[in-house]
Structure formats: C-alpha cells, structure tokens
Amino acid sequence: MTVLRALLVCLVTLLASYSTIPAAMADDLKDAINALAEGSLKDREAKVDALLETGDDTVVPVLTYLAEGDLYFRKSDKQVFLADKTGRTFSLTDPISGDVIPDISKRDIKKVRVNNNLRRQIRDGLSLFALNSRDSAKRLAAAETIYKAQDASALPAIEARLAKEQDAQVIAFLQEARAGLTLTSDAPEEAKLSAIEILRDKGGRQALSILNEAAETSEGAVKDAASRAIVAIERMLAIWNGVQNIWYGLSLGSVLLLASIGLAITFGVMGVINMAHGEMVMLGAYTTFAVQQAVQTAAPGLIDYSLLFAIPAAFLVAGAIGFVLERGIIRFLYGRPLETLLATWGVSLILQQAVRTIFGPTNQEVSNPGWMSGAVELAGLSLTWNRIWIFFFALAMFGLLFALLKRTPMGLQMRAVTQNRNMASSLGVKTPWVDAFTFALGSGIAGIAGVALSQIGNVSPNLGQSYIIDSFMVVVFGGVGNLWGTLIGALTLGVANKFLEPFAGAVLGKILVLVFIILFIQKRPRGLFALKGRAVE
Amino acid sequence: MEQTSPDTATGNPVALSIDGIDLHYGAAQALRNISLEVETARITCVLGRNGVGKTSMLRAIVGQHPVSKGKIILGGHDVTKAPPYARAGRGIAYVPQGREIFPQLTVRENLEVGYARLPRKQRFVEEEIFDLFPILKDMLSRRGGDLSGGQQQQLAIGRALVTRPNILVLDEPTEGIQPSIIKDIGRAITYLKEEKGIAILLVEQYLDFCRELADVVHIMDRGEIVHSGPAEDLDKEHVRNHLTV
Amino acid sequence: MISAFLFRGLAGRIAWVAAFIALLGILVPLSNLMLPSDHALYVPDYIVSLFGKYLTYALLAMALDLVWGYCGILSLGHGAFFALGGYAMGMYLMRQIGSRGVYGDPILPDFMVFLNWKELPWYWYGFDQFWFAAIMVLAIPGLLAFVFGWFAFRSRVTGVYLSIITQAMTYALLLAFFRNDMGFGGNNGLTDFKDILGYTLQNPATRAGLFAAAAFALSLALVISSAIVRSKFGKVLLATRDAESRARFLGYRVEHVKLFVFTLSAMMAGIAGALYVPLVGIINPGEFAPANSIEVVIWAAVGGRGTLIGPIIGAITVNLGKSWFTAQFPEYWLFVLGGLFVAVTVFMPKGMLGTLSSFSDKVKSLKPAPKPSQTEAGEMRKEGEAS
Amino acid sequence: EETIKVGVLHSLSGTMAISETTLKDAMLMLIEEQNEKGGLLGKKLEPVVVDPASDWPLFAEKARELIDVNDVSAVFGCWTSVSRKSVLPVFEELNSILFYPVQYEGEESQRNVFYTGAAPNQQAIPAVDYLMEQEGVERWVLAGTDYVYPRTTNKILEAYLKAKGVAAEDIMINYTPFGHSDWQTIVSDIKAFGEAGKKTAVVSTVNGDANVPFYKELANQGIKAEDIPVVAFSVGEEELAGLDTEPLVGHLAAWNYFQSVDSDANYEFIDAWHAFTKDENRVTNDPMEAHYIGFNMWVKAVEKAGSTDPDAVIDALPGISVPNLSGGYSAMMPNHHITKPVLIGEIQDDGQFDIVYETPGLVPGDAWSDYLPDSAKLISDWRAPLSCGNFNTETNECGGKGAE
Amino acid sequence: MIDSNTQVTSTLLYLDDVSVSFDGFKAINGLSLAIEPGEMRAIIGPNGAGKTTMMDIITGKTRPDTGDVLFEGQMDLTQHDETEIAQAGIGRKFQKPTVFESQTVRENLELALSGNRGVWASLFYRESEADAARIEEILQTVRLQQRANELASDLSHGQKQWLEIGMLLAQDPKLLLVDEPVAGMTDAETVETAKLLREISKTHSVIVVEHDMGFIRDLDVKVTVLAEGSVLAEGSLDHVSAHPDVIESYLGR
Ligand SMILES: Nc1ncnc2c1ncn2[C@@H]1O[C@H](COP(=O)(O)OP(=O)(O)OP(=O)(O)O)[C@@H](O)[C@H]1O
Ligand SMILES: Nc1ncnc2c1ncn2[C@@H]1O[C@H](COP(=O)(O)OP(=O)(O)OP(=O)(O)O)[C@@H](O)[C@H]1O
Ligand SMILES: [Mg+2]
Ligand SMILES: [Mg+2]
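Residue numbers (my numbering), protein chains in the order written: chain A, 1 to 537; chain B, 1001 to 1245; chain C, 2001 to 2387; chain D, 3001 to 3404; chain E, 4001 to 4253.
Structure follows, in structure tokens:
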C-alpha cells in the first residue's frame, strides 16, 4: 500500500514538472478537484463522476487518496491536497503542481469525507483508467473489476482495449465482461448465444446470476441455452461446494489439532488434567502480540516477519512457565492425577487475571502479515492464506512432536516416566528433569499454538477458556495417550462439524457433534485409537 | 569402578553396605536396625516369610522409599539421601517384585529405557540377554503389558541387565517362571558373579534355588535380620524355623 | 428396614453434622424473623439468602462426592442435573406468575409472547401444579442420568472418557437451552418470578422458609448418603471405584451399582437446583456451562473427596470466599482464589477435612488417652485414605 | 465524614470483563470528577466496586449486597440482558435505582431501572434505513449470536424490511453460538448470497468474543465494504481495538456516540479519560457515553430532589435533560428511556469510526417496539397518575395486553 | 433352551476346540479340556503357553475367536459376561494379586462372601452371625487375623496372595481357578497351600496353574501340560514329566 502511494506521489510530481496540460484545462481541473471539499456525500458522487470523465491521469492519485480517506482540504482556503501522515503532522501534496508542504497540523486541515458508495464508484471508474496501464497485473485486476461491475457504460472501453490487448488472461476477462453486458443488452441472438457459452465456461456465482436474469428475460434459443448453462454451472458449483466444505473441515480440524496438541502431551502422555492448558495457548498469543509491538518499534521493516520471531518466543515463554509450574506444583501431585485438576484450575485463574492486570481486559490486536492475508482462488475454491498456513503449520508441529516422542531417547524416557516413575528412576532416568521437560514441552507447544491461533481469533484473557473444552474433547475422542488419535480426532471433528453446519446451522451442528462424540464413545469406550489388550489394565 | 571400602574377610571388596536402617510406612515400622554388606562377585541371599520386610529393605537400598534411620553406602559413597536415578548411576540395577514393566512400551522400548545412564557407545542390548531369554527376542515389538506373567518377569530381569550394573538387586526373580528358565537364571546369576564380578543381592522364597546359588544368606523376621551366615546354614533346624509358619 | 438403614447413616460425626445443619435450618430463620435487627444474634436477610444459596451448592457438591469420591465417576456434567432441577422449578415459578407478567398474558410466559409464540408448548403442561413440578425436579435429572448412565456404564466407559462425555452432555444441553427455539427463554432463561406456593418471593420470610428447606434437604441427603456408604453397598461402591473389573469377577453387577448412585446423585443435584432457583431468582443456561460443573468438582476436592462432609465444607468455603473476595478485592480476587486452590492441593492433599482430621488425630495421639480400638482406627484410616 | 455511596456493578473477570471493565473505570472517573466539583449535596461520593464475574446469579447476589449491606444510593451496572434480568427483582424488592448503559432488545420498562443505552428503534431501524437509502441495499443477511437481543432485533428488522417490500428470499437469517470462532462457512455463505446480483448488506448482531474472528474471516475472504457492507450494533471502538482494521475500512456500525464525534464536550471527555487512565490509546465508546449521561442525570435528579431517597430520585428523573457528548442534550423520558441522536459510522484504518450519517433530530427510545404485534399497543409512563411500565392503550389498563 | 434339570453331560467345564489370537498371534490354539465335578486339575506349561489366557476365556474376560466353553453342560460361557459367570459359580484368583486396596482385609472378604449381589440386597445387608464366623474362619486359614482391620494396600506381596486365596474361599464357587497360588510363598507355606487346596477339592472343582513342581507333586492330581496354546500332554505328573517335549520346552535339563 505504502509503496503504491509513494509511486503515486512520484507520478504527480513527474506529471507536474513535465506538465503538458494547458493552463486553462489545469485550472478547470483544479476547480473540479477543489470542489470535492464542499457539499454532502451525495453531491460528491456527481463531482467524482465529473473527475472521472475528464479522463485525465491527474485524477488518479486524487481519487485513490479520496477512496483511502487521505484526501484533505485546508480549512483556510478550501484547497484540496493529498495528505500523508508523517508522525504527528501531515505533509500535503498539491495534486496538480506536485508541490509538497510539510509539517501541517491536523487542526488546519479537514478530511474529505468518503463512504462506500464513493469508494465503489472510484474503484469502478479507475479500473477503466487502469485498463490502459502498462502493468499487465493491473490490467488484469481492472478487467476483473469491470467484469464484476457489469456496467454497460464500460463497453466502449472494453472494446477499445480488446482491440489492442495481448495478454491472454486479460483478454479472457474482458471477453467475459463483454459477454455479460451483451447478454443484458439487445444484441442479436448469435452474439447472445456465444456470450452464454463464454459465461458457462467461466462459471461461478456471478455468471449464474447474469444467466438467471437472461433466462428470465429472454425467449427461445437464448432462454434454452441459458437454462442449460445454468444447470451446468450449478452442478459445478455443487461439486466445488463439497470440496470447499472438506477444506473448511480440515482447516477447522487443524485449529483443533493445534489447540489440543500440547494437551496431548501434558494430559495424554503425562496424565496431568491440565486445566491451565488454555492459558498456555493464551500466553503464546500474548507473546505474539508483545513481539509484534517490539518489532514495530525496533525494526518496523521486519513487521511482516514478526510471527517468525514470535514462534520461538512463545515456545520459550509458555515453556518456561510450564517448567515453573511443574517444579513448583505439579511434581507434588504425581500419583494423584485428579488433584492436578484442582491445582491447574487455580493456576489458570491466576494466569488469566495476571494477563488481565498486565495487558488490560480488552482484546489486543495481532495483525496478519501480508503473506497470511487474503485468499487464493483455485478453480472453484477460495482458500484463505492464513488457513492454509495454519493447516500446514499444524501438520508440521504434529510431525515434529511425533518424531520427538517416538524416535528419540528423550521421547522414550518421557513415556516411561509417566507409566512408572519409580521404576524409570531406578533404571537411571532422571525423572525430575524428564517431568519438567515434558511439561515444559507440552506448555511450549501450547504457546506455539497460541501464535497461530492469534491469527484467526481474539487475543484476550479469555482466549484459553474458549479452547480448553474442545482440546480435551479432541484428546479424549482420539484416545488418551495416542498422538495419531489426536490428529485423526481433530480432523474428524472438524470435518464432521463443517458437514453438519450447512444444513443444521452452527448451533445445532455443534450440538450434533457433541451427541456424536457421546455416542461414539459408547462404541469405543477408549477413544478412536484405543489401546487394546492387557496393557491398558 | 571405585572401591574404597575396606576389604572383608572373604577378600572381596564391599559393593554395598547398609548400616542400621529403619524404615516406616506411616506410623508402622517395617525395618528395624538392619545392617548388611554385599560383596563384589558374591551372591548374597535374603530369606524370610511373607511380610517380614524383604521388599522394604530392597526399596530402601534402591531409593524407592526413604529410610528413617541409618546409612546406605554404595561403592564407597553415601547414597542414603540420593534419588533412585543417582543410585542407578552408581551401577545398581533392580528387579522389583511384581515386575513393574512399562505396560504401554514395547519389549524393545522397555529394554531401551535401561540405556538412560549408558554412554552412547554402549547403547545396545547384549546378545547374552537374548540368549538367556530367547522369548524376548521373539516379542520385541509386543507391548510389555500384553506379555504373560513369566514373560514379564524375564523382561524385568533382562531390562536390569541392559544397564550393565555392578550390583544387581533381585526381588523373587523366579516368581512365575517356568522351571527350565529358573535353571537358566541360576546359571546366568552364577555367570554374572563369576565372569563379570557383579555383586548380587537376591531375595528369595525358593529355598533350593537359594541354597544352590548363595554364598551368604541372611534371614529376616519381623523387620530384623535374625541370622546371617554361609548358605550351608540353611540346613540347620533353628534357621529353618524362621521360615516356617 | 428403611429406618434401620437410615439409622446406620447417623453414625459418627455425620450425625452431628446433619443435626447441626438441621438446627441451622430452624435457628437461622427464627433469628431472622423474630429478632430485632439490632440484636446481636440477628441474621440479616442478605445473609439468609446468601447462605441458602451456599446450602444448595453444598448439596450439589455432596451429591457429586457420592459418585466421585465413592464410586470414582468423575462427573464433569453434574451442573446439568442441577440446572435441570432448577429449570423444572423455574417452569413452575414461571407459571405462577400468571397474568402478572409484563404482557399480562395469563398462560404464556413473557418471553414466549415476546417471540410471538401462540400456544404453550406441550412440555410446559402440568408445571402450574407444584406437585407435578416437584416430581419433575426428581424425574427429569433422574431420567437423564439413568438413560445416560445406562448406555455409558453398559458400554464400560470409564475414567476420563466418562468425564468427557458427561462434559459433552452438559455442553450440548447448554447450547440447546441457549436456543430460543427450545422454549425455555434462551439466554435470558427464566426470571421475574413472583411467588412460590402462594408466598411472595420478595418477602424475607419466604426466603427464610427456603433456607430452612435447603438446610433440611441437605441434612436429609447427608444422612441418606451416609447410610448408603456405610452399608455393604458402600463397600461395593469403593470396590467398583478401585478395581472395577475385580468386582465383576466377584459377581457384582458393576453397571447397576454405578447406575444406582449416578441416578440418585443426579436427583439430589436436581433438588439442589430446585431450591437454588427461588433463592437466586433466575435460572438460565449458564448453569449448564462446563466450567460450572468443574467448579463443583473443585468444591468437593477442596473440602475433601470421599468424605461427604468435606464437599459441604468445600462448597461453603469456596463460595464464601468468592462472595467476600469479589467485594473486597474486585480486581485481584482471582489471584486469591486461584492461590487458595493451589495451596489446598499442595499443602492439604486430602482436602480441608482430611487435613483437619489428620491434625486432630495427631493432637489426640499426643494425649495419653486410651488407644482407639482396632476397628475405629481402621475406620478412620479408611476415610482418610479414600480421598 | 458521611458519603453518598454509588454502586458499580460491572464484571471485572470472566467473559464479560472485556467490555465491562472499561465501564467500571468510566464510572470511577465520573465520580472523581464530581467530587472535584464538590461532590453532591455537600457530601463526597464514594464508589463501591464489586465484581460479579460474568456470573448471572452472582449479579443478583452482588446487587443485594450493594443495596442491603453497602447502602448505595444508586447502582450503575450490568451489560448483558440476562444480568439485568437477574438483578431486576432485587432492585424492585429493595427499591433502589439501576442505570443500565447498554443497547438492548427493549420490551421492558421497570420503575427502578433507567435505560440509557439504545432501544432497537434508536439503533437498528435507522441503520437499515441508511443502507437502504444511501447504499441501495436490496438483499439482507441478518447474522447474530443466538440469544434474545439478536433474536428480537432481527424479528423487528424482518418485519420492518418486509413492510418495506423486501421479498422473503432476499432475507437470510443466521444464528451462531456464543463465542463462535470458526466463521469460514458462514462468511462464504454470505459471499455466495451476495453474488446473486443484488446489492447485499449484512446486519450483524454478533456479540462479544465472536466478532474478532468474524471480521478476520471477512477480511481474509476478501469481503469488501464496497461490495457487501456489514453494519454492526455491538461493535464499537473497544472491539475494534483488537482488530487490524485496515482491510475492514468502510464496514459500518450504528451507535449513539462515536469517539470521533466532533464536539467540545467530547474532546473534553476524551482528554479527561486519557488523563484518568494515563493511557493515550484508551478509546471511548457508546456505553461509556451512556454512563456519562446517566450519571449526570442522576446527579441532577438528586440535586432536584434534594435527597438520595430512591422514590424521590425516581420521581425527579423523568424530564431531566443533560448534555450528551455529541453536542446536544439527552432527556430522560417518562418511560425511563432517553432521547439520543443515531449515528452511523464507517470503520477507519485507525480503528475509529467516520460518521457518515446522523439522524436529523433526537430519537426517543421506545420501550415497546411498534413492530411486534403484542407490544405495539403498550406504552410506558412512570409519572403519576399513570405510573405504569406496560400500559395497554387499547384496554386502557396497566398490566400488559391482559386476558383475551 | 435346554431344561436346566437335564444335564447334557456330567462334565462341569468343557472347552471345545477354543482358539484366540491377538493381532495375529495365536495365544490359544484349538484347546480342548474337560473338568469333571469335584475334580482338581493342575495345569503347567511354559511361560506364555496360554494358561492365564485360558482362564480369561473361562471367566469371560476374553472372548475366544472360535470354540465353545460349556459350564455345567449347558451354560455357554462365551455368551456371558464376567458378572454372570461369577454368579454362575466360577471364582478366580489372579496371577498378579488383585485386591481392593483401599479397603481393609476384612472388608475384602466381606465383599467376596457369597450371597445376593444385587443393589438392594447390599444396601440393606446386615452381617449375620454365620457370615461373621465364616470370615473369622477364613482369616484364620489365610493367617491374616492380625491384619484384619488394616488396609489391603499395606500388605506385602505374599500377604496379598493369601488374601486373594481367602477371597476365593469366601466366594465359595463351584469351580475355582487358581493362577499361581504359591508364587512368593515360602516352602512351608507352599505345603500348607497344597493341603488347603486338596481340602477344598473335596467339595469343589479346582483348576490350578503353577510352575512349582514340588507343589504340583503335593497336589497329586491329573496334570495337563499346555504349550503354545494347546494341550501337549496329560496324565499324572510322573507321566508328563517324562514326556520328552515337556522336558524340552518346560522342565529343562
Ligand atoms: N505401602 C505400604 N504401606 C504400609 N505398609 C506396608 C506397605 N508395604 C509393605 N507394608 C508392610 O510392611 C511389612 C513388610 O513388607 P514387605 O513388602 O517388605 O515384605 P516382604 O518381606 O517383601 O514380603 P513378601 O514375601 O510377601 O513379599 C509388611 O507387614 C507389610 O504389610
Ligand atoms: N492382548 C495381548 N496381545 C498380544 N499378545 C498377548 C495378549 N495377551 C496375551 N498375549 C500373549 O499370549 C501368550 C499367552 O499368554 P498367557 O498369559 O496366557 O501365558 P501363561 O501361560 O499364563 O504364561 P505364564 O506362565 O508366564 O503366566 C503370551 O505369549 C502373551 O504374550
Ligand atoms: Mg516382598
Ligand atoms: Mg499366566
């Protein structure tokens, strides 16, 4: 965003210094721009239209700034400027001359108000400008906007561009845009039929709605063709819908997995009924917040990568607290697993209130880095980046943990100690160290989960409470002490939830999942991946 | 191996000595002033009726239960207050009564837990162990808890041997084991004593087994050692009296 | 037979505690109603309703202890039975409002008018009668526990698996009762009660009566529970808790044993809920929240599990602490309460009661008094050990 | 020295602490300011703060404690409807005064309670009007958390929209559980619903914790305000503080106050707030303004009555008018609701709202909705001689619609 | 079903071609065995031969993959659960002593004492004099009178063994399954136990599993040798001990 704006400012300055605009026209433009300062929001729509109609490139930065709420006027003379906030003051750029006036106080200027209507109008209008941009990516974006806008007045621009466009993707979009417009116009039948074909191949909901309208308003061959295209598109949509649902389910499952994976250690392996698990997740999320703040002040350039620093930090913070907890409290409670519930519940209250006291009771803002924002459109699917990252992150964590537990001597000792502490000790295992390490590991992993979860939900003192029940559900459903169970359990519950949600609704869907868990446990009283045989008794 | 204790009458160094220990379970006293020495390359056997405190004594020695009085010296070091893993670090290995294998670990993993105090190079299971208990080799990937009672007992002994101890403490190791393997265990114990010079402390109920192996026997009754002497003493009437009901 | 059975429950200190609670049930209301408010022994209205609430919590905690402490069923869903009993009572109280609601509808409760319901749903029939509601207070939690337990125990669901499905049960009920479509007032629940059995709830005397009822219910439940755990059945319970499969090999129908206490305990919880609702004046789905059920477990653990009296002490102490701390240190009370829980676990492994009795044992053993007979010693030890 | 005690009944822990803690601070600030001005009736005010811990029955217990044990003259508190419902009988029985500062579903008017937050007609209806008229919205998604406030509001809105000629298939209603955190399906449904060719908007009564994940999902799935604007009734500055608002610019909220309101009273208030909290970044919000109004009304009423006696103050309150923060005056009406302007704001990238619409005059709060059949005929007037919260204008009787 | 009065055979317990496998490992392999009423049978065999598993099958703990197990000629044990089988009169002592640790020795015996196991019956149970006397007698037999009121968890390993034997006596079943009763006992106690079992077998059927050959000799009953899940040899102890396979796989040289 900022890069773009810097470019725009350069552009203005360039334009101004080598201005080829005749003086008279420049004056008109100036008036038209300054006119933005006055009148109601409704009046402003006409003024924006007028600016767009000039077709002059000078209006591009003006309107872009307006849409972003950065167009200001000087109170003294109602002159409109492009404003950039620099620290506590603003620097103003004259849209025509490109002159920069630094250090203007907020008091002296006022924002040119904008609303959604204006933004939409500007976006659609500027897309026609961008259609002639040299950057093919921009042209592509513009063509997409034009397709979405379905504005008949854009038709000449589309035709004009199509005549000289080279980029196949842009051509496709423009043709689709034209097809939509053709269909709703009074074009001849053949044109409409070929337009229907283009739209059918394009697919998607918007094509569907255009075709629906066409099918309603037309007759004969066009109506038939449109109806057939509708059926085809709907079938595709249904399929993609199913796939999308599976993805949503897996993605929800990966969140559940993340939330419960630390618990799979502290509870699943160690047998501590760890009610403070959620708070470890919360601490991870708050660490993310703190790291983000630190990076913001220390190295703003790295802000997009603050999450990468947050991961080890969260592990260390939550792990350290887990370590202290184990040494200070839990170790007195081995052999009395139920009592750990009481103690860790107390700890969870303390941690919640501590965070509330330190950071305040309200939500904290953890922003998505650029590489985790937005979505990719993949055929009929729309996959958001943060979910994709979280999904693979969860799997990676699982893999690491699995390897640690099953393939390393430390993992073996961890399991041995929890099964028979005395005997492990008599075999030379340093049980206090293993206990503390295991609990710290489980807590640290929970902390890492907090980093990921801060990307999709609240960062508040209550964060832990909202995950704790689900986490226990997952671990138990999968089978206590079985990591695979946790993995499969989390994904199963995620997918089940997402398949129930569309037709039962979110509330009933959740109830049904709970009922499903209850019934499932009747069938497999020791969870999905139950340990069988004598060994369990 | 450090052997700082003075040599004993038999000429072998003392690997382990306990000196006047008492042990309580809550208010109940289970051991009264027990003293005993275990020599290197000797088999020391402890006998006694049910509930006289044999297991309690072993638990005190390996550190699974604190003593209320007295001292435990291991290889010249006072380990009275040391945790079990520290004592294991000094070369003591324990085959407990009731097997105490790790039920959810496989046989292989059960054995590997014994690596904990070994240097990296020594982290393998010696073939001798599998020769002694071939069944373990067949069942490496079965879960310990699924084994039969006797198999578990074999595993418990095998696991103790994995740690390459210099003192081996066995609590009724023959319990639940088939006769042929009992004979093998007997041979193995003799082998460990003679070839490896390991000190062996054996608690047994099985008199014949004891008489065959032991160099020294101690007899316990009601938390006390009431008789100590060579294995031949077991044939004496008054000694045997301690073992009858 | 029944009286002989109950008589057995009155042995030892239980008798004293039960009598004490029952006495409170008489004295506190009397003092509240008869004494002038400046009298030294006067119990203010505020205290009466507050302690009335604690007594219902105590009953709930004791009911939980019966299944958890004695039978090893760690129910994380006992709040559900409490809430169901509460709802049954709430429905009765709702019907008693009659046309005094804000919309003045003689049949439909306000929230139904509000959401355009035209008719009373069938499951609300009968709740205008106290006897019917009273039966439902027992029957609904009892039936749910019976059906739930029937399946779970028959399938041999035990340990944490059982705990978690009880939690899933209460969680599912929470979500269900939140739904306005269920016809129980959604999130706001049932409120705005006017009177019970013709006595207006805004009158201190009515609340004093409710206090007495809570005290008597608790005292009676204590005697019944004590009689149960002292009978041979109580030993079977412990056997089931400690070695379920061994009990099976002895020929005990473990699932019936569990089902019996679970259902009984759910009914006690239901009664607690039913007494709670008129005392606090509201029942809403929040009572189903899993955290509430966990808190009940905490009360029992704080007081001392497997002692019946311990959970009563625990419930009252924790809630008294909560009431006091939230007013005294509104910003820091969670530290204090959390710290208390940690301290109890670490320093009082047997809960408050267990620690108290082992302390008093020590004091006793210092005196050169005649040693307690073998049986008594064993008895006491067993009680301590059970926690 | 004798003081006048004021109860503050807001959750400082549990799920609601997120919202309510700020209100406790605001009350402490208001009381401190009043004391600096010399207190009330020559006495100092003394706040009594308790923590009902987001536990509804505990609200009732604490209310009783405040009134009975601490002898407070008035209580400022509650946020959720259920907490208010829980304390109502207590205030009625012990005859005390509660000021309730949050927007709610209406359908209530009680003698001891003064509602300084918005009734549905002071928030929801103007917001929908705005979208319809200014943005040309034709298709509606009513998304809410499953509890009474959203249910009622949506019921009212549905009736209202249908009366305006919106077809049933152009209204989608969706409920989610409290604290719902996985919004993927619902957001993609909204997206699909909005791609059908007609201009679509979302009216969100999603509550509390669920908002952050909801908006994050909206942002990530690329739902732009220009395409599908979301107007919310429970999202204010405080809630936005937990969000990166950059991708959310243009989404809307309807309130009676925004921190960005351009008035001297507001600037003063904000400065005082920053000074009081010693934190330049603390935001102000609508319920804070409601407490500001309510507190000043109470002060004025006590002065007018010359005592803190509840009956006197209750009688004195209707008709009292005090400055609000948006530059006008708000008055307490006989139905114990107040008059307020309605503002629509668009979210800005700095976490503030830019006010894009303001009702021309003040809107009086309506205790009984005109769009619900059973309430339409009810009015509330606590002045003598009527003294009734649910007066039936058809039967001319107090006590609701009565037997039919 | 079959009328309970008409006995199909006189056999008390009849295992017919029973097999069970765990994850592909055949622990019991086509095992057939018949125990007559009043018979005592000793079972020996290598570790892992399937002796304990066989008991698991009889008592309903493990379901066989194939084969029938008939009790008193008509009750198919594979169709019943542990409780029903115990109530039908099969009692068991486990290889690893399992007692109710948090209850006293006496209570353990009280629980085991034969009688109605129903919920109501145990709620309203009052100890009769006969019951008390019986418990006293058993305490005497297992030599735990001194510790009657102590918690079972405080017993030593061997004492727990004794307690379990006591519980079995209290239960008074028709068929006793005794898994390694003398493990951990002194030689003298072993002799006592053999006597005790012989006494019991006068009125009950008994199956004893042991590795102690001296003890088996003392019992002086028919011996069945199990190996790899099926019967290897059967007959008197002298007969089977001479069997080369038994020597090879079990007794050793
Ligand atoms: N955990 C315990 N708590 C209380 N008392 C115990 C405990 N363990 C053992 N005892 C008691 O201490 C005494 C000694 O027990 P110990 O286990 O040492 O006997 P043992 O000689 O090994 O007997 P066995 O031959 O039966 O194994 C016994 O009387 C026993 O009852
Ligand atoms: N659940 C199981 N999973 C895998 N293998 C099992 C399982 N249960 C038993 N086995 C195996 O079945 C075989 C028979 O075991 P069983 O306990 O019946 O032997 P046993 O004859 O009683 O031996 P012992 O004399 O040592 O007690 C053993 O090899 C054991 O490892
Ligand atoms: Mg022993
Ligand atoms: Mg066996």
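No residue lacks a Cβ here, since even glycine has one placed at the ideal position from N, Cα and C.
Nothing here was measured: the structure is a model prediction, and the numbers come from that model.
For this session: Identify which residue in D:Ile3347, D:Val3363 and D:Pro3310 has its Cα closest to the Cα of Met3333 of chain D.
Result: D:Val3363
For this session: From the DSSP output, in three-state form, read off Val100 of chain A for me.
Result: strand
Exercise. In three-state DSSP terms, what is Asp84 of chain A?
Worked result: Residue state, collapsed to three classes: strand.
Exercise. Is Leu3243 of chain D close to chain A, meaning its C-beta is less than 7 Å from at least one C-beta of that chain?
Worked result: yes
Exercise. Thinking C-alpha only, which one of C:Phe2153, C:Trp2131, C:Asp2192 and C:Val2017 is nearest Val2102 of chain C?
Worked result: Ranking C:Phe2153, C:Trp2131, C:Asp2192 and C:Val2017 by Cα distance to Val2102 of chain C puts C:Asp2192 first.
For this session: May I ask you to list, following chain order, the residues of the stretch 238-267 of chain A that have a beta carbon less than 8 Å from some beta carbon of chain D?
Result: Listed in sequence order: Gln244, Asn245, Tyr248, Ser251, Leu252 and Val255.
Exercise. Hey, would you say Val3356 of chain D sits closer than 7 Å to Ile3338 of chain D, going by beta carbons?
Worked result: no
Problem set entry | Residue-level contact to chain D via CB, Asn2180 of chain C, 7 Å cutoff | Among the CB atoms of chain D, one or more fall inside 7 Å of the CB of Asn2180 of chain C.
Exercise. Any idea if His3010 of chain D is buried or exposed, counting beta-carbon neighbours within 10 angstroms, 16 or more meaning buried?
Worked result: buried
For this session: Show which residues of chain B have a CB atom less than 9 Å away from the CB atom of His4204 of chain E.
Result: Those do not exist, as His4204 of chain E stays about 24 Å from chain B at its closest Cβ, beyond 9 Å.
Exercise. Using DSSP with H/G/I as helix, E/B as strand and the rest coil, what is Tyr3329 of chain D?
Worked result: strand
Problem set entry | Check: Thr4052 of chain E C-beta below 6 Å from any heavy atom of ligand 2 | yes
For this session: Mind checking the stretch 2319-2346 of chain C against chain A and listing, in chain order, the residues whose C-beta falls within less than 9 Å of any C-beta there?
Result: Glu2331, Tyr2332, Trp2333, Leu2334, Phe2335, Leu2337, Gly2338, Gly2339, Leu2340, Phe2341, Val2342, Ala2343, Val2344, Thr2345 and Val2346
Problem set entry | Element boundaries [alpha helix (DSSP H), containing Val4142 of chain E] | Note, Val4142 of chain E: premise wrong, no alpha helix (DSSP H); not H, not E.
Problem set entry | Cβ-heavy atom distance, His4157 of chain E to ligand 1, below 6 Å | yes
Problem set entry | Endpoints, the beta strand (DSSP E) within which Ile3344 of chain D is located | Leu3343 to Ile3347
For this session: Mark Pro2141 of chain C as exposed unless 16 or more other C-beta atoms lie within 10 angstroms of its C-beta, in which case mark it buried.
Result: buried
Exercise. Do Thr3145 of chain D and Ala506 of chain A have their CB atoms nearer than 7 Å?
Worked result: no
Problem set entry | Three-way DSSP call (helix, strand, coil) for Arg74 of chain A in this model | strand
Exercise. Can the beta-carbon of Leu2055 of chain C be found closer than 7 Å to that of Ala2212 of chain C?
Worked result: For the pair Leu2055 of chain C and Ala2212 of chain C, the CB atoms are not nearer than the 7 Å cut-off.
Exercise. In chain order, which alpha helix (DSSP H) runs of at least 4 residues are fully inside the stretch 200-236 of chain A?
Worked result: The qualifying runs are 204-217.
Exercise. Using the beta-carbon count (16 or more within 10 Å), is His3336 of chain D buried or exposed?
Worked result: buried
Exercise. Beta-carbon separation of Ile3018 of chain D and Leu3040 of chain D under 7 Å?
Worked result: no
For this session: Could you work out which residues of chain E lie near Glu1100 of chain B, taking near to mean beta carbons separated by less than 9 Å?
Result: Per Cβ cutoff of 9 Å: no residues; Glu1100 of chain B is ~11 Å from chain E at best.
Problem set entry | Straight-line gap, Arg3064 of chain D to Phe2051 of chain C (C-alpha atoms, nearest Å) | 13 Å
Exercise. Is Gln1178 of chain B near ligand 4, judged by its Cβ being under 6 Å from some heavy atom?
Worked result: no
Problem set entry | Residues of the stretch 2036-2049 of chain C with Cβ closer than 8 Å to any Cβ of chain D, in chain order | Pro2044, Asp2045, Tyr2046 and Ser2049
For this session: For Leu2093 of chain C, decide whether its Cβ has a neighbour in chain D, counting only Cβ atoms nearer than 7 Å.
Result: no
Exercise. Given that a residue counts as buried once 16 or more other Cβ atoms are within 10 Å of its Cβ, and exposed if not, what is Thr266 of chain A?
Worked result: buried
Exercise. According to a CB-to-CB cut-off of less than 8 Å, which residues of the stretch 2250-2278 of chain C neighbour chain E?
Worked result: Leu2250, Gly2251, Tyr2252, Arg2253, Val2254, His2256, Val2257 and Phe2260
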